Every structure is written in C-alpha cells, then in structure tokens.
Amino acid sequence: MDSILSIFGSYDIWDVKSLLLFTAVFILTADYIKNRRLGSFPPGPRAFPIVGNIFTVDYNRTHESLTQLAGRYGDVYSLRMGQRWMVVLNGFEVLKEALVHQGDSLTDRPDLPLVKDISQGLGVIFSNGNLWKQQRRFALSTLKHFGFGKKSLEPVMLEELKYCAKEFQSHQGKPFDPNLILNYAVSNIICSLVFGHRFEYGDEKFMELISWFSKGLGQEASIWAQLYNSFPLLMRHVPGPHKTIHHVWDSVKDFIRGELKEHKQNWDPSDTRDYIDCYLKEIMQSKGQADNTFDEENLVMCVWDLFLAGTETTSTTLRWAFLYMVKHPEIQAKVQAEIDEVIGQSRQPSMEDRANLPYTDAVLHEIQRMSNIIPLSLPHVTNRDIQLGGYTIPKGVTIIPNLTSVLFDKNEWETPDTLNPGHFLNEEGKFVKRAAFIPFSAGKRVCLGENLARMELFLIFTFLMQHFTISMPAGVKPVFDFRFGVTMAPVQYEVCLTSR
541 MDSILSIFGS
551 YDIWDVKSLL
561 LFTAVFILTA
571 DYIKNRRLGS
581 FPPGPRAFPI
591 VGNIFTVDYN
601 RTHESLTQLA
611 GRYGDVYSLR
621 MGQRWMVVLN
631 GFEVLKEALV
641 HQGDSLTDRP
651 DLPLVKDISQ
661 GLGVIFSNGN
671 LWKQQRRFAL
681 STLKHFGFGK
691 KSLEPVMLEE
701 LKYCAKEFQS
711 HQGKPFDPNL
721 ILNYAVSNII
731 CSLVFGHRFE
741 YGDEKFMELI
751 SWFSKGLGQE
761 ASIWAQLYNS
771 FPLLMRHVPG
781 PHKTIHHVWD
791 SVKDFIRGEL
801 KEHKQNWDPS
811 DTRDYIDCYL
821 KEIMQSKGQA
831 DNTFDEENLV
841 MCVWDLFLAG
851 TETTSTTLRW
861 AFLYMVKHPE
871 IQAKVQAEID
881 EVIGQSRQPS
891 MEDRANLPYT
901 DAVLHEIQRM
911 SNIIPLSLPH
921 VTNRDIQLGG
931 YTIPKGVTII
941 PNLTSVLFDK
951 NEWETPDTLN
961 PGHFLNEEGK
971 FVKRAAFIPF
981 SAGKRVCLGE
991 NLARMELFLI
1001 FTFLMQHFTI
1011 SMPAGVKPVF
1021 DFRFGVTMAP
1031 VQYEVCLTSR
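Under our numbering, the first residue of the sequence shown carries the number 541, and numbering increases by one thereafter.
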C-alpha cells in the first residue's frame, strides 16, 4: 500500500513540476512573441524577459547611460521597460525632425501609471487632448495678463531679491548652503503670481512645501518609478520608496487646496488678483459649456504644474551658476565688470539691460547649457505611426527626447564639455543664440514656464553678480557631482558671498 501511495505521490510532484515548467515556458514565449522587435522598429540592447531593459540603465546617471547607448545603436534606438516600449531620440537634427517638423504626432504625454495616479490626467504638463489645449491656453493667457515674461513682472522679482540679498548678507561672508534661500526666492515669485502673496522665508508651511518638491522630483526618475510604471498592479500594493512619492505630492495638493479655500472665502469675480482668482472666474463662466474642463481639481493640478515649471528649474540653474562662477573667477570678474559699466551700483537691473549685457547673457546661456537641468526633457507618446531616422515608430510608443545629446553634441558646440561663453558670442562680441540651445525642449510641448524662467534667471543672476562676489570656503574646491531626478541638481555645497 505504501509503495502504491509513493508512486502516486511521485506523479503529483512531477505534475506540479511539469505545470510550473509549462507555465514558465508559456510566459517566456508569450513575452517574446508580444515584445519582439520588428525589422522596421529602431534597434536597441537585448531585453530580458518580463522586465525588459529596466536594469540596463544606471538610474543615478540615466542621461549618460542613454547617451552612451546612442553611440552603440544610433540616434534613434529603442528600450523596453517592462511591457512598455520607448524610443530614445538623440542629436539636434533628430529632435528637431520629431518635435518640430512632426510635432503634431507627438503632442501627447504617455499614460504613465505613476503620473496618472498622482494627477488623474489633469493639469497642464501631463494632460492630453482637449483638456491640455484648454488648460495650456488659459494658463498662458492668464499669466501673460499678470506680466508673465513682461516688464510689469520686474517689480515683483526685484522686490523679492531684496529679501534674498538680506538673507545672503546675514551670513557675513561665512560659508553657507544657498539652496534653500534660492528656492524660497524663486518660489515666492510663483506664489505672488498664483496665490497673490509671498511667504516669509521662515514660514514653516512654506519651508515644508519647498522640501516636498525636492523629495518628489528626486523619486520621480528612480528605478522605483520605472518599476511602478511597468508593473502598476503589483507596485500599488508593495511597500517601498514609491509610496513616498504619493505622500509627498498629496501633501503639495493639500497645501494648494488650503490656499484655494482661503481664496473662495473672500473671492470677488470683479477683482481678479492672481491666477486662482482668474481660474475661479473661468469655472463660473464655463459652467454648462460643452467640453468644459474647468473645475477645482483641475485648478489644483494646474497650480501644481506651475510650481514645477516655474520654480525647480530656475533655482537649480542658479545653484549651478554659483558653482561655475567659483570655478571660473575670471569669468565672474568679467561679468561684474560689464554690469558695473552698464548698470553700475546705484540702480537695480532691468530686462532692458539685457541687450547691453551680451557677455553676461552669454555666460548665463552657457551655464544653462552646461547645467543641463532637464536632461531627458519630459516624455512624449506617438498618437499615430511615424517615420523617423529610417524606422517606423508605431502609435502608442513612448518617446524620450535626450536633450543631453544636443546640449553636449561636439558637432554643435566647439568645446561641449567646457564652460565657454564664446559659444553665444559672435566676432564682434554680440550675443547670438544657437539653434541647438534647447534646454526647455522644443515644439508644441515646450516648457510652459520658459519665458518666466528666462526672465527670472537674467534678473536674479545679474542682481547677484552686481552685489556679491561668490567664492568657495578656504581650502575647498567646487564639486560638480549631481543628484539625478526629473531635474539634475548639484549635490549639497557651501559657498561664501561677499558684498561688493
């Protein structure tokens, strides 16, 4: 009897083993058939079953990994992240062809589970279709009304710079980390436009808001984010750093809702003081209209997007600017000499000064190129089949514009790896903008905050160079390591600011 049971037991074991083997072979075969590259599809590194190329990339230096792969597979190549295909575009001509000449085919953002879970498809940056068109049009027209990129916004910025300078002077030339002060100053400019008021630098709620943005953006480009986007059903129930992303962005949205609640308590439709007031008025006027996309949840996400577009990139660029000025004191001295000659010390800078400060303008553009703040732009998705680089890219494929490959292209820049203001100056010393200068991306999805960022960068950089000399603490050399995220920020450092 025992021998008979043992025989049946062995059959059960082999049946289980056979079933597991069959299941594994079936899954691997199905994965291969479903995800194999067709001959017309861009080439790329060999993908592992199920996970694809998720572990092919170094997520601490993603832009460098993707640029190196272009040297092996060409300017148009593909990667598979889990079950999702993406095509990486490299080089100025390829990006221009895709984002500008075929821009109508790339106006949409991909349906990324992590982003969708956070934004619900609302706002400006990650929305699509009619919703995106309505929200972007309204945002641009409203902010233009309040002086977005116009001279009327100068007093707001210059007033904020007084608070910023006072904080810098309080350190009396001793070493300190400028990160938070720069973040506070730039964020307050957005707060003035969106909320109608600024915050004191010591305000605990404001300080917490700034820290949330830094944490959230750092996690958005991590391997945890890739795993979430590739396996959302699993990752929604698995603990890990990706849970922090949800907590951080929920906290930011709650902060915005608090501001919205205060606005509604004393809101007067005839007196629009800021972006929120204008949006509330639009909600009231659009009610009942066909295809209306204006509501309070969309308002919250649009404000969230404006902070992303107008704060993080500018403050991070300025942090890189400090590092480059201490590394190149001769360039810093030449910028200060030009500012002294054109503006002097008795008045504040103005946007009208830009035309008369070609060297300062060139240095600022070169800092933007070298700092490479958003190295991979934001993802696009094809809304129809397109031909690019001799390959066919089907509808629904995620597109990654590798801005790094353009900003450091040896065919576009004489000394791509060196800070060289001459890249933006002609033989007469006049400023010349280069076509390959696309730190804000290009096409119909170009950064919403470009005009504001350009204005902020010029006024803040010029103001700081006018009033301070930047140096490293004694015996310390500048370090150009970075923290990779949606934005690429320098690692923490300290500098000394001496009043001039």
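Where a beta carbon is used, it is the ideal one built from N, C-alpha and C, also for glycine.
Just so you know, these numbers come straight off a predicted model, no measurement behind them.
By DSSP, does residue i sit in helix, in strand, or in coil?
| i | result |
| --- | --- |
| Ile547 | In this prediction, Ile547 has a pLDDT of 47, which is less than 50 and means its spatial position is unreliable; nothing more can be read from the coordinates. |
| Met891 | helix |
| Pro653 | helix |
| Gly592 | strand |
| Tyr741 | coil |
| Ser528 | There is no way to answer for residue 528, as the model of the chain reaches only from 541 to 1040. |
| Thr1038 | strand |
| Leu662 | coil |
| Ala975 | coil |
| Thr833 | coil |
| Ala1029 | strand |
Excluding the 5 residues preceding and the 5 following residue i in the sequence, name in chain order all residues of the same chain whose CB lies nearer than 7 Å to its CB.
| i | result |
| --- | --- |
| Glu852 | Phe753, Leu757, Thr1027 |
| Ala861 | Ile907, Phe1001 |
| Ile730 | Leu846, Phe847, Gly850, Thr851 |
| Phe666 | Arg649, Val655, Ser659 |
Among the residues of its own chain, which have a CB less than 6 Å from the CB of residue i, if the five just before and after it don't count?
| i | result |
| --- | --- |
| Lys701 | Strictly speaking, residue 701 in this sequence is Leu, with Lys absent from that position. Around Leu701: Phe1003. |
| Pro934 | Asp925 |
| Gly643 | Gly983, Lys984 |
| Glu799 | Phe735 |
| Tyr724 | Tyr741 |
Assign residue i to buried or exposed, taking buried as 16 or more other Cβ atoms, counted over all protein chains shown, within 10 Å of its Cβ.
| i | result |
| --- | --- |
| Ser1011 | buried |
| Met697 | buried |
| Lys636 | buried |
| Thr922 | buried |
| Asn769 | buried |
| Arg586 | exposed |
| Phe1020 | exposed |
| Leu957 | Per the sequence presented here, residue 957 reads as Asp, with Leu not at that position. So Asp957 ends up on the exposed side. |
| Asp811 | exposed |
| Phe746 | buried |
| Leu545 | Because Leu545 sits at a pLDDT of 47, beneath the cut-off of 50, its placement in the model cannot be relied upon, and the following sentence gives the value as read from the coordinates. Label assigned to Leu545: exposed. |
| Phe884 | A quick correction: the sequence has Gly, not Phe, at residue 884. Result: exposed. |
| Gln829 | exposed |
| His737 | exposed |
| Gly989 | buried |
| Met626 | buried |
In the DSSP output, what is residue i paired with across the bridge?
| i | result |
| --- | --- |
| Tyr617 | Val628 |
| Ser981 | In the DSSP output, where bridge partners are listed per residue, Ser981 has none listed. |
| His920 | Ile939 |
| Thr932 | Gln927 |
Below 8 Å on the Cβ atoms is my contact criterion, and I expect residue i with residue j to pass it. Report the Cβ-Cβ distance as a whole number of Å.
| i | j | result |
| --- | --- | --- |
| Phe595 | Ser618 | No, Phe595 and Ser618 are not in contact; Cβ-Cβ is about 16 Å, not under 8 Å. |
| Thr900 | Glu881 | Not confirmed; about 11 Å, so no contact. |
| His782 | Met775 | 6 Å |
| Arg1023 | Val1016 | That pair is no contact at about 19 Å. |
| Asn942 | Asn600 | Not a contact, Cβ separation roughly 17 Å. |
| Pro919 | Pro653 | Actually they are not in contact, since the Cβ atoms of Pro919 and Pro653 sit about 13 Å apart, beyond 8 Å. |
| Pro961 | Val903 | 5 Å |
| Pro889 | Gln766 | That belief does not hold up - the Cβ atoms of Pro889 and Gln766 are roughly 43 Å apart, past 8 Å. |
Whose C-beta lies closer than 8 Å to the C-beta of residue i among residues of the same chain, with five residues either side of it excluded?
| i | result |
| --- | --- |
| Gly969 | Pro898, Tyr899 |
| Lys950 | Pro956 |
| Gly713 | Cys1036, Leu1037, Thr1038, Ser1039 |
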